[in-house]
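Residue numbers for the sequence shown follow this note's numbering, beginning at 56 and rising by one. Please read the structure below before turning to the comments.
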Amino acid sequence: ASLQQELTDAAWGGSDARPGEAKLAWWMEELQGWSRGLRRHPLGLTLQKLPAPWTTLGAAIPSLRETRERPRDRDEAFAVLAPFAQAVAQIEAALFDATPASAPAVQSSLLHVRLAQTGEAAVPMSVIARAGEGATTRAWAAELLEAWPHAEASRPRRVWNALARQRLRRGDASLPLPPWSALWAAWRGARG
Numbered sequence: 056a057s058l059q060q061e062l063t064d065a066a067w068g069g070s071d072a073r074p075g076e077a078k079l080a081w082w083m084e085e086l087q088g089w090s091r092g093l094r095r096h097p098l099g100l101t102l103q104k105l106p107a108p109w110t111t112l113g114a115a116i117p118s119l120r121e122t123r124e125r126p127r128d129r130d131e132a133f134a135v136l137a138p139f140a141q142a143v144a145q146i147e148a149a150l151f152d153a154t155p156a157s158a159p160a161v162q163s164s165l166l167h168v169r170l171a172q173t174g175e176a177a178v179p180m181s182v183i184a185r186a187g188e189g190a191t192t193r194a195w196a197a198e199l200l201e202a203w204p205h206a207e208a209s210r211p212r213r214v215w216n217a218l219a220r221q222r223l224r225r226g227d228a229s230l231p232l233p234p235w236s237a238l239w240a241a242w243r244g245a246r247g
């Protein structure tokens with residue numbers, strides 16, 4: 056989760072894309088180095104020694120960088136994330152000794168994160184055209200929920216996805232859930 060947050064913060068944070076692009080390039084180098092026993096980031100102390108396809112994740116970072124631009128529609132929003140989501144699913148399968156999550160399960164989760172981080176900037180142009188001003192984030196949240204796959208995933212991914220779906224149902228991807236609602240959603244997600 057921490058590494059994913061590092062990467063998504065770099066991809067989607069700030070009004071100027073250049074610092075994030077530089078940070079993503081640095082992460083590409085870092086992840087390639089992990090396969091050779093090299094590390095510079097504190098996360099590497101824990102993660103590098105774990106048998107996971109870190110170079111695959113590093114090679115998929117350019118597709119994450121491309122998601123900074125507003126997508127035309129839902130299909131494009133999912134398609135641009137596909138290589139990165141597939142790499143994340145492979146990492147999760149290795150770390151949590153699980154069946155690899157389908158890329159759409161990871162894509163949906165990442166699109167929720169982007170909506171929570173960037174608000175209206177994450178909303179596809181087609182949704183803006185349909186929803187009109189002021190209702191775009193709720194419309195995109197509803198569309199994400201409608202397209203959310205029910206696929207196999209590791210227990211942590213199921214918990215993250217259950218929490219994300221609950222936030223989307225409430226209409227605000229960035230608003231924290233009430234404690235009992237979060238507990239109930241996490242419990243259901245963990246149970247599968």
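Glycine included, C-beta positions come from ideal geometry on N, C-alpha and C. From a predicted model like this one, the values you see are computed outputs, not experimental measurements.
Cβ-based neighbour list, residue i, same chain, cut-off 6 Å, excluding 5 preceding and 5 following
i, result
"T173", "W67"
"F133", "Q162"
"A80", "none"
Beta-carbon proximity of residue i to residue j, cut-off 8 Å
i, j, result
"A228", "A190", "no"
"L230", "H167", "no"
"A219", "A241", "no"
"A140", "A158", "yes"
"S118", "P138", "yes"
"M2", "R94", "Missing from the structure shown is residue 2; the chain here goes from 56 to 247 and no further."
"L200", "I116", "no"
Backbone CA spacing between residue i and residue j [nearest angstrom]
i, j, result
"G244", "S236", "12 Å"
"P233", "R213", "19 Å"
"K78", "H96", "12 Å"
"G75", "E124", "13 Å"
"A194", "A153", "33 Å"
"W203", "L238", "21 Å"
"V143", "R225", "27 Å"
"L86", "R73", "20 Å"
"E188", "D71", "24 Å"
Neighbour-count burial assignment, residue i, 16 or more Cβ in a 10 Å radius
i, result
"W82", "buried"
"G113", "buried"
"E84", "exposed"
"E147", "buried"
"T101", "exposed"
"R169", "buried"
"Q59", "buried"
"A65", "buried"
"S209", "buried"
Sequence-distant residues of its chain with Cβ nearer than 7 Å to residue i (five each side left out)
i, result
"L150", "L105, A107"
"E121", "V135"
"W89", "G99, Q103, W109"
"E175", "T191, T192"
"E198", "R129, V182"
"A206", "A156, S157, P159, A160"
"W215", "S164"
"G3", "There is no way to answer for residue 3, as the model of the chain reaches only from 56 to 247."
"G69", "G75"
Sequence-distant residues of the same chain with beta carbon closer than 8 Å to residue i, five excluded per side
i, result
"A171", "R222, A228, S229"
"R185", "A194"
"G92", "Q103"
"P211", "A56, E147, F151"
"E131", "P179"
Inside the stretch 112-171 only - alpha helix (DSSP H) runs reaching at least 4 residues:
129-150
Please give me, in chain order, every unbroken run of the alpha helix (DSSP H) with length at least 4 that falls completely inside the stretch 162-236.
180-186, 191-202, 210-224
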